[in-house]
Amino acid sequence: MSDNTESEYETGPDALPLDGWHRARGARMVPFAGYEMPIQYEGIVAEHQWTREHAGLFDVSHMGQLMVTGTGAAAALEALLPGAIATLKPGRIRYSLLLNEDGGILDDLMITNVTPAGDENGGEPAYYLVVNGATKWDDIAHLREHLPDEITLTHLEDRALLALQGPEAAAVLDTLVPGVAGELVFMQGTSREWRGAALGIGRSGYTGEDGFELSYPADRVEELADALLADTRVRPIGLGARDSLRLEAGLPLYGHDMDESVDPVTADLTFALTKNRREAGGWMGHGPVARVLAEGPKQKRIGLTLEGRLPAREGAEVFAGDAKVGRVTSGGFSPTLGHPIAMATVDTAHTKDGSALSVDVRGKRLAATVAPMPFVPHNYYRGEK
Amino acid sequence: MPRYFTDEHEWIDVDGDTATVGITDYAQSQLGDIVFVELPQVGSAVAKGKDAAVVESVKAASDVYAPITGEVTEANGALEDDPALVNSSPEDGGWFFKLTISDKSELEGLMDAAAYKSFCDSL
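Chains as they are written, first to last, in our numbering: chain A, 2 to 386; chain B, 8 to 130.
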């Protein structure tokens with residue numbers, strides 16, 4: 002039996018602020034994005050289902066937390082991101098992308114307008130970005146190179162990030178920070194004081210469930226993790242379930258479902274290109290991306306459902322009849338649905354929902370059908386109806 | 008019926024000229040939730056230390072090696088309907104395949120239960 006755990010770091014991985022906390026709770030730790038991270042505690046399927054039914058606590062402190070501040074910060078960010086930042090109101094969160102000159106995706110990220118209320122003109126503009134762990138150093142270098150000198154970029158290295166996800170997450174958080182859940186809907190954020198330190202709260206996540214991302218000082222985060230886990234509705238969840246949950250939710254994973262060689266249209270992330278900015282441009286990579294928009298992409302990211310139980314993993318080739326038409330970019334077994342699912346990038350002619358394709362796994366051709374995503378419906382909180 | 012273990016976490020029960028192969032409890036606990044097992048064809052030849060089966064967990068695909076050389080005489084059909092049997096009963100109902108023993112000397116060098124236990128404890 003062999004287990005091929007990737008190890009691509011020349012120097013050993015770093016420890017997360019909660020390293021000992023994870024180990025004490027039975028986590029199996031693996032190297033990921035330069036850190037020793039918990040892949041699972043009691044088991045991926047049990048953790049997956051717990052998050053879908055109750056509330057799961059994820060340590061995502063490997064991710065980069067950045068602050069961009071200064072007069073003109075919105076315009077400066079709009080030169081690098083294809084989304085509208087100038088019209089993003091304080092307390093609102095938006096999904097966005099960092100693109101290179103060729104329109105390739107350097108990273109995907111969440112940006113929150115955290116500008117304080119201030120006087121009638123507002124306080125000094127401030128934007129909080131959460132970027133992927135594996136790409137954060139490149140992102141910082143890219144931002145430092147391209148942001149004007151008068152804009153300040155701060156890497157919040159002294160802060161940890163937890164995600165509390167699941168249908169019971171709001172009720173749990175409400176016991177720690179009374180009233181905050183009622184104040185926020187999906188893609189809104191705020192800040193509160195909790196036990197004497199600033200707690201950043203964003204109602205977002207990477208599971209398809211309602212939930213929150215919580216930014217708190219790294220040297221105090223164990224207190225926060227303990228307080229959350231003291232609630233019997235909460236269990237710690239590892240990276241393994243994080244991956245199966247996001248796959249069911251149809252959320253792409255950077256470095257797998259898209260990377261520098263893929264533009265946002267091909268990655269089916271056109272929604273992240275704010276409509277009036279698609280034509281107006283003024284963002285890095287606009288020229289090449291506009292051409293793809295005008296001509297249509299050659300390939301596109303789609304969802305696949307597979308029959309049987311054999312999963313198709315990243316790299317598996319996708320066929321239409323005998324013709325190779327693409328490849329799987331991430332895939333696995335869906336605990337919720339009880340069959341394998343995958344994301345694949347395939348020739349545009351074969352991206353229609355219901356198209357019958359096949360996937361090669363170790364010489365076997367598995368029947369696969371193009372399926373709309375999310376595979377499992379999102380359960381975001383968008384306010385009382 | 009003597010049982011031997013490999014350092015790749017397979018077990019093998021020897022019964023005369025045939026043997027039964029599976030993966031150990033330690034192996035299944037490392038793999039986590041198993042969703043699919045790809046077993047060798049009956050009649051196929053497997054070689055000591057070479058790929059014989061594939062275990063798919065939620066997390067990843069892992070190869071299972073043949074502990075000895077031989078010809079596959081039976082595959083555990085129960086794993087097709089219930090691959091999680093490998094998690095719940097790895098060293099009994101969750102066996103993988105049976106094979107003929109080509110060369111008994113290949114069993115030399117495999118571990119017994121006590122040696123395997125101390126091997127796992129050292130990991």
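Heads up, the beta-carbon is just placed ideally off N, CA and C, and yes, glycines get one too.
When the five nearest sequence neighbours on each side are left out, the beta carbons in the same chain lying within less than 6 Å of the beta carbon of M64 of chain A are those of V131, G134, L162, in order along the chain. In this structure, A:Q300 is the residue among A:A343, A:M344, A:Q300, A:L311 with its C-alpha nearest to the C-alpha of V326 of chain A. Membership of D58 of chain B in the beta strand (DSSP E) is indicated by the continuous run 58 to 64. Taking 8 Å as the threshold, the shortest C-beta distance from F334 of chain A to chain B falls below it.
Burial state of W102 of chain B is buried, judged by a 10 Å Cβ sphere holding 16 or more other Cβ atoms. Contact annotation: in the region 90 to 110 of chain B, residues whose CB is within less than 8 Å of a CB in chain A are P90. V21 of chain B is bridged by DSSP to B:A26. Excluding sequence positions up to five before and after A54 of chain B, its CB lies within less than 7 Å of the CB of A73, T76, all in the same chain and listed in chain order. Under the three-state reduction of DSSP, T346 of chain A is assigned to strand. Closest in C-alpha terms to A369 of chain A, from the list A:T153, A:T275, A:P312, A:L248, comes A:P312.
For E37 of chain A, the enclosing beta strand (DSSP E) covers residues 36 to 41. In terms of Cα proximity to M188 of chain A, the closest of A:E210, A:L177, A:T346, A:G197 is A:E210. With a cutoff of 8 Å on beta-carbon distance, V28 of chain B and S64 of chain B are scored as not near each other. Put simply, the CB of P312 of chain A is near chain B, with a gap under 8 Å to one of its CB atoms. A52 of chain B places its beta carbon less than 8 Å from that of E78 of chain B. In the three-state scheme derived from DSSP, where H, G and I count as helix and E and B as strand, I238 of chain A is classed as coil. Within the region 63 to 80 of chain B, the residues whose Cβ lies closer than 9 Å to any Cβ of chain A are, in chain order, E63, S64, V65, K66, A67, A68, S69, D70, V71, Y72. Contact between the region 65 to 73 of chain A and the region 343 to 353 of chain A is not established, with fewer than three Cβ pairs separated by less than 8 Å.
Counting along the chain, the unbroken beta strand (DSSP E) around V79 of chain B starts and ends at 77 to 82. The beta carbon of A34 of chain B sits closer than 6 Å to the beta carbons of H16 from its chain, once the five residues preceding and following it are set aside; these are given in chain order.
Among the CB atoms of chain A, one or more fall inside 8 Å of the CB of D40 of chain B. Residue contact with chain A for V28 of chain B: absent (no Cβ-Cβ distance below 8 Å to any residue of chain A). Within the DSSP secondary-structure output, K325 of chain A pairs in a beta bridge with A:F320.
Residues of chain B with a Cβ closer than 7 Å to the Cβ of S245 of chain A are, in chain order, V65. Between L229 of chain A and V173 of chain A the beta-carbon gap is near 7 Å, inside 8 Å, which marks them as a contact. Interface annotation, G304 of chain A: not in contact with chain B, CB-CB separation never under 8 Å.
Per DSSP, D103 of chain A has no beta-bridge partner at all.
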